[in-house]
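S.K.: Numbering (the UniProt record's numbering), first residue to last: 1 to 250.
Even for Gly, the Cβ is constructed at its ideal location relative to N, Cα and C.
Note that the coordinates shown come from a computational prediction; the quantities given were computed from them, not determined experimentally.
One structure is given below, represented as structure tokens, and several questions about it will come after.
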Amino acid sequence: MKDSKSKGPGGRELTVRVKTARGRTASSTRWLERQLNDPYVARSKREGYRSRAAYKLIEIDDKHHILAPGMKVVDLGAAPGGWSQVAIERVGSTDLNKLVVAIDYLEMDELPGVILFQRNFLDEDAPALLQEAIGGRADVVLSDMAAPTTGHQQTDHLRTTYLCEVAADFALDVLKPGGSFLSKVFRGGAESSLLTTLKQNFATVHHLKPPASRAGSVELFILAKGFKGKRQDAAPEDEESGDDEAAWRP
Numbered sequence: 001m002k003d004s005k006s007k008g009p010g011g012r013e014l015t016v017r018v019k020t021a022r023g024r025t026a027s028s029t030r031w032l033e034r035q036l037n038d039p040y041v042a043r044s045k046r047e048g049y050r051s052r053a054a055y056k057l058i059e060i061d062d063k064h065h066i067l068a069p070g071m072k073v074v075d076l077g078a079a080p081g082g083w084s085q086v087a088i089e090r091v092g093s094t095d096l097n098k099l100v101v102a103i104d105y106l107e108m109d110e111l112p113g114v115i116l117f118q119r120n121f122l123d124e125d126a127p128a129l130l131q132e133a134i135g136g137r138a139d140v141v142l143s144d145m146a147a148p149t150t151g152h153q154q155t156d157h158l159r160t161t162y163l164c165e166v167a168a169d170f171a172l173d174v175l176k177p178g179g180s181f182l183s184k185v186f187r188g189g190a191e192s193s194l195l196t197t198l199k200q201n202f203a204t205v206h207h208l209k210p211p212a213s214r215a216g217s218v219e220l221f222i223l224a225k226g227f228k229g230k231r232q233d234a235a236p237e238d239e240e241s242g243d244d245e246a247a248w249r250p
């Protein structure tokens, strides 16, 4: 159970503390307490987003302008649909003109304006299925994919880095010139080989940690903008790249 009071004198919000209960582990109690006290969770419920993750994309797009009306978007690892909701709003996708294609092996409720596949993106035929659904080339590839965590930081980093790498390979094959790729990575960022590939093929590459990403979370995001077309030559030394601090400096 949780403490019943949520506001103090003058309507000031109080921290909600969760009491331990039989059958609930300490870690699940901490997770529940964090959820109850998370302003982004409360905001997502008020504003109708399916997850607090929607605000990570909102904050990134507000600053870096990767989504615009009429763009075609592929959303990898889409469930429960927060990023797809943001994409729908910002590109103007409708059931009459579906501009967003989403995929996840988890079940996800349908969204107006989204072509949705409940499939594993790692299936051999999944990339071709997505490209056919988007009708050629995409303007933006989004990936919020992350492997289930094991609690071993190095293992979790490697598994999620692999998902970022396959998402990047897909982006290189499907993006239009000038397109953008945004993907989740874990603390430590993208591997050097992936960074090199992205710098070869995009005008700018940054690691980001938007404000909606919890301070204690190991997640980062890598944003590559200005797709130049798939290239294999060495990355020029003067191409722009940056870390999360530089990317969020005013």
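Run the proximity test for R119: is its beta-carbon closer than 6 angstroms to any non-hydrogen atom belonging to the ligand GDP?
M.R.: The ligand GDP is absent from the structure shown, which contains no ligands of any kind.
S.K.: With DSSP collapsed to three states, give me the class of K176.
M.R.: Correct three-state label for K176: strand.
S.K.: What residues in its chain sit with their C-beta under 7 angstroms from that of L130, if we drop five residues either side in the sequence?
M.R.: For L130, where only same-chain residues beyond five positions count, the Cβ hits under 7 angstroms are V74, V101 and I103.
S.K.: Name, in chain order, the residues that DSSP records as bridge partners for residue 251.
M.R.: What is shown of the chain runs 1 to 250, which leaves residue 251 out entirely.
S.K.: Between which residues of its own chain and Y55 is the CB-CB distance below 6 angstroms, once the five residues before and five after are set aside?
M.R.: Closer than 6 angstroms at the Cβ level, and outside the excluded window around Y55, lie Y40 and A212.
S.K.: From the DSSP output, which residues share a beta bridge with Q118?
M.R.: DSSP, once it has assigned bridges, lists D104 as partnering Q118.
S.K.: Can you tell which of V185, V141, D123 and D173 has the C-alpha that lies nearest to the C-alpha of Y162?
M.R.: Nearest of V185, V141, D123 and D173 to Y162, Cα basis: V185.
S.K.: Straight-line CA distance for H207 to S217?
M.R.: So the two alpha carbons sit approximately 15 angstroms from each other.
S.K.: Whole angstroms are fine: how far does the CA of L99 sit from the CA of K72?
M.R.: The straight-line gap from Cα to Cα measures roughly 5 angstroms.
S.K.: If I'm right that S51 touches G70 with Cβ under 8 angstroms, what's the distance once you round it to whole angstroms?
M.R.: Rounded, the Cβ-Cβ distance is 26 angstroms, inconsistent with contact.
S.K.: Under a three-way DSSP split, which group does E132 fall into?
M.R.: Looking at E132 - three-state DSSP - the assignment turns out to be helix.
S.K.: Have a look at L111, K176, N201 and E219 and flag the residue whose alpha-carbon is nearest the alpha-carbon of residue 253.
M.R.: Residue numbering for the chain in the displayed model covers 1 to 250; residue 253 lies beyond these limits and cannot be assessed.
S.K.: Look at the Cβ atom of L175, then the Cβ atom of F221, and state whether they are nearer than 7 angstroms.
M.R.: Not in contact: L175 and F221 (Cβ atoms no closer than 7 angstroms).
S.K.: Taking the Cβ atom as the reference point for each residue, do A224 and F181 lie within a distance shorter than 7 angstroms?
M.R.: Yes. Within cutoff.
S.K.: So if DSSP puts V140 in a beta bridge, which residue, or which two residues, is it bridged to?
M.R.: Paired residues: V73 and S180.
S.K.: May I have the straight-line CA-CA distance separating P127 from A42, to the nearest angstrom?
M.R.: Each residue's alpha carbon lies about 35 angstroms from the other.
S.K.: Which residue comes first and which comes last in the alpha helix (DSSP H) that contains Y49?
M.R.: Taken as a continuous stretch (DSSP letters only), Y49 belongs to no alpha helix (DSSP H), as it is neither H nor E.
S.K.: Would you list the residues sitting across from L57 in a DSSP beta bridge?
M.R.: Per DSSP, none; premise fails for L57.
S.K.: Tell me, which residues are paired with L220 by DSSP?
M.R.: In DSSP, L220 forms a bridge with V185.
S.K.: Is DSSP giving K63 helix, strand or coil here?
M.R.: Looking at K63 - three-state DSSP - the assignment turns out to be helix.
S.K.: Give the secondary structure of E124 by DSSP, where H, G and I count as helix, E and B as strand, and everything else as coil.
M.R.: Residue state, collapsed to three classes: coil.
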